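Note that the numbering used here has the sequence shown beginning at 43, numbered continuously upward.
Notes for the one structure printed next.
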Amino acid sequence: MNAFHANWTKPFFIRRPNETYFIEDFELLVALLSALKWKQKNGSIKMYTDQLGADYYERLGLCDIYDLGIDTSLENVVPKTLKPHLFWAAGKVYALAMEPSPITMLDMDFIVWDTIHEETNGHDLCVTHREILNGLVYPTYEKFSSLYHYDYDESWDWKINPCNTALVHFHHQQLKDYYTNAAISFMNADMPIPEDQKKHVVLMVFAEQRLLAMCAKKMGIEITSYISNNMDLNRYKKFTHIWGYKKTLFDSDQLRKEFCESCVDMILAEFPELYDTLCGIESLQQYLTKK
């Protein structure tokens with residue numbers, strides 16, 4: 043199975059407007075594990091990024107991690123007018139639009155430790171898991187449409203549970219095209235944006251996660267989840283997503299150090315040929331002093 047990571051660098055400068063681009067040490071290590079384990083267990087992987095991102099990977103000596111290469115298409119396909127503070131994950135949607143089905147969209151902070159061929163085979167759409175319709179993140183149609191004026195498709199079901207898209211496999215070209223076209227159209231719409239920053243998060247999750255479920259239901263396509271509440275523990279162990287753990291790692295130097303050391307240990311245990319590569323990355327050298 044072919045997969046891709048996507049790294050659109052523009053959102054970085056919303057938080058750090060005067061800094062040189064970089065990826066946090068723990069995020070870089072998890073992304074490496076994500077790509078390495080995918081290649082080992084499931085197939086090939088590509089990186090979609092922009093020129094700044096490609097230059098960064100080249101400087102760190104990481105281009106060869108991606109056996110399908112580094113693709114800089116995001117430099118040109120993402121409109122300069124798209125607002126990165128609202129649609130920080132837009133890069134993955136644009137990358138998905140360029141890929142033919144079947145294809146797996148894999149977040150850089152998500153690791154698949156083992157093969158998922160059995161869970162994936164025979165399904166048109168597999169997603170990480172289904173989301174709960176929390177009114178703060180997934181408002182009702184009435185509330186959402188009152189904030190964001192847009193020509194919403196009347197056949198979209200606002201009561202269907204959204205899809206978590208940290209790991210998504212598409213085996214249906216028409217669905218992939220319908221979803222990416224709908225998401226891109228929404229992200230580029232000219233609509234007034236409320237000043238309240240807390241309301242902004244609902245825009246990205248609508249375009250990225252809620253629309254996928256809506257599009258699939260409209261097309262009559264079944265949604266299969268890799269992770270569910272009643273699944274066997276051993277199957278659950280196939281997946282690691284650090285999204286909810288990032289703040290903890292930012293806030294605790296000790297936990298961050300232990301986490302990064304653990305990641306380095308896992309990488310070198312299975313991929314010892316990467317030792318020199320890791321040693322050449324300044325932010326990771328502190329975790330290699332005793333190796």
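By construction, the Cβ of each residue, glycine as well, lies at the ideal position given by its N, Cα and C atoms.
Remember, predicted model here, so these are calculated numbers, not experimental data.
Inter-residue Cα distance where the pair is residue i and residue j
i: Q215; j: L330; result: 44 Å
i: F68; j: K201; result: 36 Å
i: M261; j: L217; result: 7 Å
i: R101; j: Q328; result: 19 Å
i: T182; j: T157; result: 37 Å
i: T319; j: Y99; result: 11 Å
i: F186; j: V119; result: 28 Å
i: M273; j: N230; result: 38 Å
i: E36; j: R298; result: There is no way to answer for residue 36, as the model of the chain reaches only from 43 to 333.
Whether residue i touches residue j by CB criterion (8 Å)
i: Y278; j: C168; result: no
i: Y221; j: L175; result: no
i: I87; j: H127; result: no
i: D113; j: M150; result: no
i: Q251; j: N206; result: yes
i: L316; j: I323; result: no
i: A335; j: L138; result: Because the chain spans 43 through 333 in this model, residue 335 falls outside it and cannot be assessed.
i: H165; j: H213; result: yes
i: V247; j: Y180; result: yes
Residues bridged to residue i [DSSP beta-bridge criterion]
i: L209; result: L148
i: T91; result: N49
i: D113; result: Y90
i: N44; result: S86
i: C168; result: H211 and T266
i: I153; result: T282
Whole-angstrom C-beta distance between residue j and residue i, which should lie under 8 Å
i: N44; j: L110; result: 7 Å
i: M256; j: D199; result: 6 Å
i: D92; j: T62; result: D92 to T62, Cβ: 15 Å. No contact.
i: P142; j: E173; result: Incorrect: roughly 27 Å between the Cβ atoms, too far for contact.
i: L148; j: S76; result: 6 Å
Close beta carbons around residue i, own chain, < 6 Å, minus the five adjacent residues each side
i: H211; result: T146, T162 and C168
i: F228; result: A249
Residues of its chain near residue i, where Cβ-Cβ distance is below 8 Å and the 5 sequence neighbours each way are ignored
i: F281; result: F152, I153, V154, W155, T170, L209, Y268 and I269
Contacts around residue i, its chain only, beta-carbon distance under 7 Å, and the 5 residues preceding and following it disregarded
i: A258; result: L167, L217 and I265
i: F313; result: L78
i: I284; result: V72 and D151
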